[in-house]
Each structure stands twice: as C-alpha cells, then as structure tokens.
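Undergrad: First, the structure itself, so that you have it in front of you.
Number of protein chains: 2
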Amino acid sequence: MYHANMALEPNTRESVAQMLRAHGITPTHQRIEIALVLFERCWHPSADQILTAVNVRYAETSKATVYNTLKLFLDKGLVRELIVDPNKVFYDSNTSAHHHFYDMSSGEITDIPAEGVRIDGLPPLPAGMVTAGVDIIVRTRPGI
Amino acid sequence: MYHANMALEPNTRESVAQMLRAHGITPTHQRIEIALVLFERCWHPSADQILTAVNVRYAETSKATVYNTLKLFLDKGLVRELIVDPNKVFYDSNTSAHHHFYDMSSGEITDIPAEGVRIDGLPPLPAGMVTAGVDIIVRTRPGI
DNA sequence: AGATCGGATTAGACAGAGTCCAAAATTCAA
DNA sequence: TTGAATTTTGGACTCTGTCTAATCCGATCT
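Residue numbers (my numbering), protein chains in the order written: chain A, 1 to 144; chain B, 1001 to 1144.
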C-alpha cells in the first residue's frame, strides 16, 4: 500500500516523474520512489539495498517490484548493471561512460570517468560480433 | 615453477599431483580430478560444470569439495575467478595476464592476451590502496 | 459519480548458487 | 600399522533473484 511522503518536495517527485516519462516509462508511485533512491546521491546500491532504502518508513514496495523496476530502468537505459562481486549485482545510476575501482576488502565502488582513459591494442572482435560495452575494473586492496 | 597453462601437455595424474605439491597443495584424489578437468582444455567452467565433469562416470566428488577446492586453488594462485555473469562465477585456468570477450547472448568467454593491450589515463589509486588486478571485459553481442 | 480495462503491484512459492557443519573417511609421518 | 591432522561428505541452510496468479490502481468513458 502506498503512503505519500509529505516531507519531500513535490518538485523532486514531479521532476523524477518527468524524467521517467521522457524515457518512455509510466511514472508510478513505486517507480518514482525507486528512482529517487537511485539518484539521490552517488552510490552503487544492490537490489536489496534499494528495497531497504525505499521501505525505510513503511513497507510500501515489494521485492518483485524492485526487481521489475530495475530491469525496466535497465532496458530503458536509465541505469547500468555492475557485475564486480560474485554475490550480487550493483546498479549504477551514472550512465555516462566510465569505469570502476572496486575495493575488494570493503566492497566499495568508485567511478573512473572515461574521459582520458584509452585502451590500445584490443584484437578485432570475433566475426559477426558487435561491441556492447567495454568495462575496466581496477580491483584494489589496502596497501602495506 | 610449473607452467599454469598446461592445455598443450598430456596431463597424467602424477604430473598434476606434482604441480599441486609445487603450489603447496596436498594432492588428494578429488583435487587431482578437479585439476585435470580445469586444465584439460582451454575453457572457463563454472563450479557446477566442474562438478558435472568430475562426476561423468559416477558421483565421486561432492559439491562441497568442488567449492572447497576451487577456493583453495584460488588462494594458491592456480586459477582466477571470472565475474562477468550475474548468475555464476567462472573459473579461468589461464593465470597469465589477459582480458576477456564475453558474448552476452551465448555466454561464451574468449581470452584476450594482455600483450599489446595498453590502458592509458587511469587516475591514481585512492590513498592507501594497491592494485590487485585490472580486468577489461569487452561485452559483445551478435551484430547486424 | 460509477464502471471498465489494461498495466502495475503483490505475496509467497520457487530455483539456483554457494556456504556451513558435524560426522566419516583419508592421508601421511612415525 | 597407527593415529593425529587434514580432507571429504550429505544435507540443511542462506541469499539473490524469478515466477505466477490474484489483486490493485488509475486513466478514460458514460
């Protein structure tokens, strides 16, 4: 059951709704809440973290809806999947080209802007294949 | 030091046992079978594929042992984890530096030798951090 | 307003990967 | 061969994610 959160500016909700519409997504209450959580700050939450964040006050959004919505956002190019951890997928609301640091000890993910990063010497793609994306993951750990 | 990529050499149980000893691993029957499966050819099996391959004739190795052994091999630097698919981890018996093509439609993984591949313009690591590895994943899909 | 209709949401059962544990089996040095 | 230490095991368990059938909106039409 949806409960309106009057503490937040209707402005923010309305602008998120417009962004969703601009991407061909019907803006429902749950989708707006999930988008707010995704875009409120620079982080890389898992589906479970999003579910928790959306439901801090009351349980108003189900697990299935979070997964449905994340898949929808993914299809519409609103978020990116980050596959760096064997246990779960993280979602990246920064859709501009970039790469990642992944701190293997803490799980923390940090963006690396793609400007200035260049990869040379990659072999040609296998025949009939097209590049869907190039990810660089720099795995780090605490030094000496 | 034993050469990690033994795909071109005929592997006997005894030679595999020696390699395991050389890496500080007690060579048990199960570990030898798993190593044979891992190194018999150039592939990137999941834990489940390894379990199946080891038990083609009859069940002789348990799931728990496959996971224990893969973790042990990982610790000892005998294999690498490949995290490219949200659903499962693949294991890479080629421990020389290289990157990967990942065909998102078929799940097929192809090695990219690291020689000749150069990455320029990566920012400095976060303070106190050390690089544990740099992975490039070129995600591909069937073209037009 | 009320009725309708299709998309969105839901609970909860389900599936698959991987972990954990205590008991049983195996290894290896003596 | 013996026995302590290491390894293996089945099975229960956790966790992430999927599926489905029922229900719930919410926009549009009378």
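All residues carry an ideal CB built from backbone N, CA and C; glycine is no exception.
Among B/N1087, B/S1105, B/T1110, B/M1104, which one has its Cα closest to the Cα of B/S1093?
TA: Here residue 1093 of chain B refers to the residue found at position 93 of the second sequence. Checked all of B/N1087, B/S1105, B/T1110, B/M1104; the closest Cα to B/S1093 is B/T1110.
Undergrad: At least one CB of chain A closer than 7 Å to the CB of B/V1130: is that the case?
TA: Position 130 of the second sequence, counted from the first residue, corresponds to residue 1130 of chain B. So yes, B/V1130 belongs to the interface.
Undergrad: Can you list the alpha helix (DSSP H) stretches of 4 or more residues lying completely in the stretch 1057-1113 of chain B, in chain order?
TA: 1063-1075
Undergrad: Where does A/T52 sit, in a helix, a strand or coil, going by DSSP?
TA: Sequence index remark: in the first sequence, residue 52 of chain A carries index 52 (1-based). Of the three classes helix, strand and coil, the one that applies to A/T52 here is helix, per DSSP.
Undergrad: Skipping 5 residues on each side, what residues in its chain have a beta carbon closer than 7 Å to that of B/P1113?
TA: Here residue 1113 of chain B corresponds to residue number 113 of the second sequence, with the count starting at 1. Within the same chain, B/P1113 has close Cβ partners H1098.
Undergrad: Which of the three DSSP states is assigned to A/N5 in this structure?
TA: Here residue 5 of chain A corresponds to residue number 5 of the first sequence, with the count starting at 1. For A/N5, the pLDDT reaches just 40, beneath the cut-off of 50, and the residue's location in the model is therefore unreliable, although a value from the coordinates is still provided. Three-state result, A/N5: coil.
Undergrad: From the DSSP output, in three-state form, read off B/R1141 for me.
TA: As a working mapping, residue 1141 of chain B is identified with position 141 in the second sequence. Looking at B/R1141 - three-state DSSP - the assignment turns out to be strand.
Undergrad: Any idea if B/K1071 is buried or exposed, counting beta-carbon neighbours within 10 angstroms, 16 or more meaning buried?
TA: On the second sequence, position 71 is the one that residue 1071 of chain B refers to. Exposed, because fewer than 16 other Cβ atoms sit within 10 Å of the Cβ of B/K1071.
Undergrad: Counting only Cβ pairs nearer than 7 Å, list the residues of chain B close to A/R80.
TA: By one-based count along the first sequence, residue 80 of chain A stands at place 80. None at all; the shortest Cβ gap to chain B is about 11 Å.
Undergrad: Rounded to whole angstroms, what's the CA-CA distance from A/N55 to A/L125? Just pull it up for me.
TA: In the first sequence, residue 55 of chain A corresponds to position 55, counting from 1. In the first sequence, residue 125 of chain A corresponds to position 125, counting from 1. Those two C-alpha atoms are separated by around 44 Å.
Undergrad: Between which residues of its own chain and B/I1050 is the CB-CB distance below 8 Å, once the five residues before and five after are set aside?
TA: The residue labelled residue 1050 of chain B in the question sits at position 50 within the second sequence. Within the same chain, B/I1050 has close Cβ partners I1034, V1037, L1038, V1066, L1070, Y1091.
Undergrad: When you compare the CB positions of B/G1133 and A/R139, do they come within less than 7 Å of one another, or not?
TA: Position 133 of the second sequence, counting from 1, holds the residue named residue 1133 of chain B. Position 139 of the first sequence, counting from 1, holds the residue named residue 139 of chain A. Cβ distance < 7 Å, so B/G1133 and A/R139 count as in contact.
Undergrad: Determine the extent of the beta strand (DSSP E) in which B/R1041 is found, giving its start and end residues.
TA: Counting from 1 along the second sequence, the entry for residue 1041 of chain B is found at position 41. No beta strand (DSSP E) holds B/R1041; DSSP gives it neither H nor E.
Undergrad: What is the C-beta distance between B/R1145 and B/M1104, in whole angstroms, given that I count them as a contact (C-beta under 8 Å)?
TA: Outside the displayed span of chain B (1001 to 1144) sits residue 1145 of chain B, for which this structure offers no information.
Undergrad: Kindly say whether B/V1138, judged by its beta-carbon, lies nearer than 7 Å to any beta-carbon of chain A.
TA: As a first step, residue 1138 of chain B is located in the second sequence; it is residue number 138 there, counting from the start. By this cut-off, B/V1138 is an interface position.
Undergrad: Under 7 Å, Cβ to Cβ, is there at least one residue of chain A near B/M1184?
TA: The requested residue 1184 of chain B is not part of the displayed model; chain B covers only 1001 to 1144.
Undergrad: Is B/I1083 close to chain A, meaning its C-beta is less than 7 Å from at least one C-beta of that chain?
TA: Counting from 1 along the second sequence, the entry for residue 1083 of chain B is found at position 83. Taking Cβ atoms only, chain A reaches closer than 7 Å to B/I1083, which makes this a yes.
Undergrad: So B/G1121 contacts chain A; which residues on that side make the cut at Cβ distance below 7 Å?
TA: Stepping through the second sequence from its first residue, residue 1121 of chain B is reached at position 121. Chain A residues near B/G1121: G116, V117, R118.
Undergrad: Cutting at 6 Å between CB atoms, please list the residues of its own chain near B/A1053, excluding the five before and the five after it.
TA: By 1-based counting over the second sequence, the position of residue 1053 of chain B is 53. So the qualifying residues of the chain are V1037.
Undergrad: Does any CB atom of chain A fall closer than 7 Å to the CB of B/P1045?
TA: As a position in the second sequence, residue 1045 of chain B is number 45, starting the count at 1. It does not; no Cβ of chain A falls within 7 Å.
Undergrad: Rounded to the nearest angstrom, what separates A/Q18 and A/D75 at their Cα positions?
TA: By 1-based counting over the first sequence, the position of residue 18 of chain A is 18. By 1-based counting over the first sequence, the position of residue 75 of chain A is 75. Their Cα atoms are separated by approximately 18 Å.
Undergrad: For B/P1086, return the contacting residues in chain A, with the cut-off set at a CB-CB distance below 8 Å.
TA: For the purposes of this step, residue 1086 of chain B is taken as residue 86 along the second sequence, with counting starting at 1. Within chain A, the residues near B/P1086 are E81, I83, V89.
Undergrad: Do you know how far the Cα of B/E1014 is from the Cα of A/E108?
TA: As a first step, residue 108 of chain A is located in the first sequence; it is residue number 108 there, counting from the start. As a first step, residue 1014 of chain B is located in the second sequence; it is residue number 14 there, counting from the start. One C-alpha to the other measures close to 43 Å.
Undergrad: Could you confirm whether any beta carbon from chain A is found closer than 7 Å to the beta carbon of B/D1092?
TA: Here residue 1092 of chain B refers to the residue found at position 92 of the second sequence. No, B/D1092 does not count as interfacial toward chain A.
Undergrad: Of all Cβ atoms in chain B, is any one closer than 7 Å to the Cβ of A/D135?
TA: Within the first sequence, the letter at position 135 stands for residue 135 of chain A. With 7 Å as the cut-off, A/D135 counts as an interface residue toward chain B.
Undergrad: Taking 7 Å as the CB-CB limit, is A/R141 close to chain B?
TA: Here residue 141 of chain A corresponds to residue number 141 of the first sequence, with the count starting at 1. With 7 Å as the cut-off, A/R141 counts as an interface residue toward chain B.
Undergrad: Is B/L1072 close to chain A? Criterion is C-beta to C-beta, closer than 7 Å.
TA: On the second sequence, residue 1072 of chain B is found 72 positions in, with the first residue counted as 1. Residue-level contact by beta carbon fails for B/L1072 and chain A, as no gap is shorter than 7 Å.
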